[in-house]
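Have a look at the structure below before the remarks.
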Amino acid sequence: MRSLTKVMAASAVAALALTGCGRADEETPTDTAGGGASGAAEAFPKDALIGVSLPQKTSENWVLAENLFKDDLAKAGFKADVQFANGGVGEQQNQIQSMVTKGAKVIVIGAIDGAQLGTQVKAAKDAGATVIAYDRLIKNTDAVDYYVAYDNFKVGELQGNALLEGMAAKKPQGPYNIELFAGSPDDANAQVFFDGAMSVLKPKIDDGTLKVTSNQTAFNQAVTQGWKAENAQKRMDTLLSASYASATLDGVLSPNDTLARAIITSVKAAGKPVPVVTGQDSEVESVKSIMAGEQYSTINKDTRNLVKATLEMVAALQKGEKPTVTDDKSYDNGVKVVPANLLEPLIVTKANAKEAYANDPTLSKVTG
Ligand code: BGC
């Protein structure tokens, strides 16, 4: 686990403590990851129904997850009900409720809005189902049993470091002019990615190495509603015309690949040189852009491994065993610390892309 000092260095630890969501302070007493609501439930039949409720298709990883869940649950002998909620929060609430009614034994949820599912996950618990938050934390309820995700804070740290390294490679001496983008505020991950990145960038802003020319350094100034490309593109257009008439933009913190490409589109449309732009998800178009020397970095969070870790949880629950938990401290959802299985994200730039995607049938073709 990351050390206390490192966690305390996170810019918004105090804010997190106040809002009671996101990462928990390391000194928070841990939940009994083996008792209470999170204890091993009773075994259930090997061909039970497993529900998977996914959010909107805001990035490729969700689409990959849909196919993997369908195939792998079927291969394991379960009945699978895998749904997207493209229509929004109400649709996702109805889907989960209907999975409960159909008798699903485990419900895996990638939440659109992590704070709006309290009623549905309580219904799931009352019906004896186990609830797994997939990729995104479900907040303000004790009815979520487990969380499985890539380490979100680490993703942010990797992005912050990549931004610094990318700019230093282009121009050895600062100060550097940068802008900051965050994800959608209804997704619990967005704040954690931002805090991870700011744990690296804030000290450099404070010592003058970095200058956020727009002065928009707060999470709620940087957010991108709905993780939508057009919202990031519009904000970048505005920032460029307001703050970069004469200044050069050296770098942009982008929380994911979809937004990174929107930011690059905006900069190009303004006739400016492409700055160092970070990303996340290893989307095909972004890996192409990295290989072409445009987007600087992405993060590899191989969806195959995340689905595999989730299915391992389901398999343990089917046998009445307690699933693997690697972290029972970090994810306070406001009501409980949710026992988590966290996977390690990997930073990818042009320098290590070939190696990073060597076993990915699609991306290894892009890296050549
Ligand atoms: C995921 C990211 C993804 C974003 C938008 C987040 O919750 O962790 O991988 O880029 O949602 O879909």
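Residue numbers (mature numbering (1 follows the signal peptide of the UniProt record, and there is no 0)): -24 to -1, 1 to 344. Backbone N, C-alpha and C define an ideal beta-carbon position, used for all residues, glycine too. It should be emphasised that the depicted structure is a prediction, and the values quoted were computed from it without experimental measurement.
From the DSSP output, in three-state form, read off residue i for me.
{"i": "LYS55", "result": "strand"}
{"i": "VAL107", "result": "strand"}
{"i": "SER217", "result": "helix"}
{"i": "VAL342", "result": "helix"}
{"i": "LEU44", "result": "helix"}
{"i": "ALA334", "result": "coil"}
{"i": "LEU156", "result": "strand"}
{"i": "VAL82", "result": "strand"}
{"i": "LYS130", "result": "helix"}
{"i": "ASP308", "result": "strand"}
{"i": "LYS187", "result": "strand"}
{"i": "ASP163", "result": "coil"}
{"i": "ASP89", "result": "coil"}
{"i": "ARG211", "result": "helix"}
{"i": "ASP102", "result": "helix"}
{"i": "GLY10", "result": "Since pLDDT at GLY10 reaches only 38, below the 50 mark, its modelled position is unreliable, and the value read off the structure follows with that caveat. Coil at GLY10, not helix or strand."}
Any heavy atom of the ligand BGC within a distance shorter than 6 Å of the CB on residue i?
{"i": "ARG112", "result": "yes"}
{"i": "THR338", "result": "no"}
{"i": "ASP278", "result": "no"}
{"i": "ASP48", "result": "no"}
{"i": "THR193", "result": "no"}
{"i": "ASN309", "result": "no"}
{"i": "ASP89", "result": "no"}
{"i": "ASN43", "result": "no"}
{"i": "SER230", "result": "no"}
{"i": "ASP163", "result": "yes"}
{"i": "THR34", "result": "yes"}
{"i": "ASP257", "result": "yes"}
{"i": "ASN37", "result": "yes"}
Any idea if residue i is buried or exposed, counting beta-carbon neighbours within 10 angstroms, 16 or more meaning buried?
{"i": "ARG112", "result": "buried"}
{"i": "PRO315", "result": "buried"}
{"i": "VAL39", "result": "exposed"}
{"i": "GLY247", "result": "exposed"}
{"i": "GLN149", "result": "exposed"}
{"i": "ARG280", "result": "exposed"}
{"i": "GLU331", "result": "exposed"}
{"i": "residue 419", "result": "There is simply no residue 419 to check, as the chain begins at -24 and stops at 344 in what is shown."}
{"i": "THR300", "result": "exposed"}
{"i": "LYS277", "result": "buried"}
{"i": "GLY159", "result": "buried"}
Bridge partners of residue i, per DSSP?
{"i": "LEU30", "result": "PHE60"}
{"i": "VAL253", "result": "VAL228"}
{"i": "ASN276", "result": "LEU322"}
{"i": "ALA292", "result": "DSSP, once it has assigned bridges, lists no residue as partnering ALA292."}
{"i": "ASN317", "result": "VAL124"}
{"i": "ASP171", "result": "Note: ASP171 sits in no beta bridge, so no partner."}
{"i": "residue 346", "result": "The first residue shown for the chain is -24 and the last is 344, placing residue 346 beyond what the model contains."}
{"i": "ASP303", "result": "ALA316"}
Among residues of its own chain, excluding the 5 on either side of residue i, which ones have a beta-carbon nearer than 6 Å to its beta-carbon?
{"i": "PRO161", "result": "VAL199"}
{"i": "LEU49", "result": "ILE26 and ALA56"}
{"i": "THR302", "result": "ASN317 and LEU318"}
{"i": "ALA238", "result": "ALA205, ALA208 and GLN209"}
If you drop the 5 nearest sequence neighbours on each side, which residues of the same chain put their C-beta closer than 7 Å to that of residue i?
{"i": "ALA103", "result": "VAL76"}
{"i": "VAL252", "result": "LEU139, GLY142, MET143, LYS146, ASP226, GLY227 and TYR272"}
Distance cutoff 7 Å, beta carbons only. Does residue i sit that close to anything in chain D?
{"i": "SER74", "result": "Here chain D cannot be found, since the structure has a single protein chain."}
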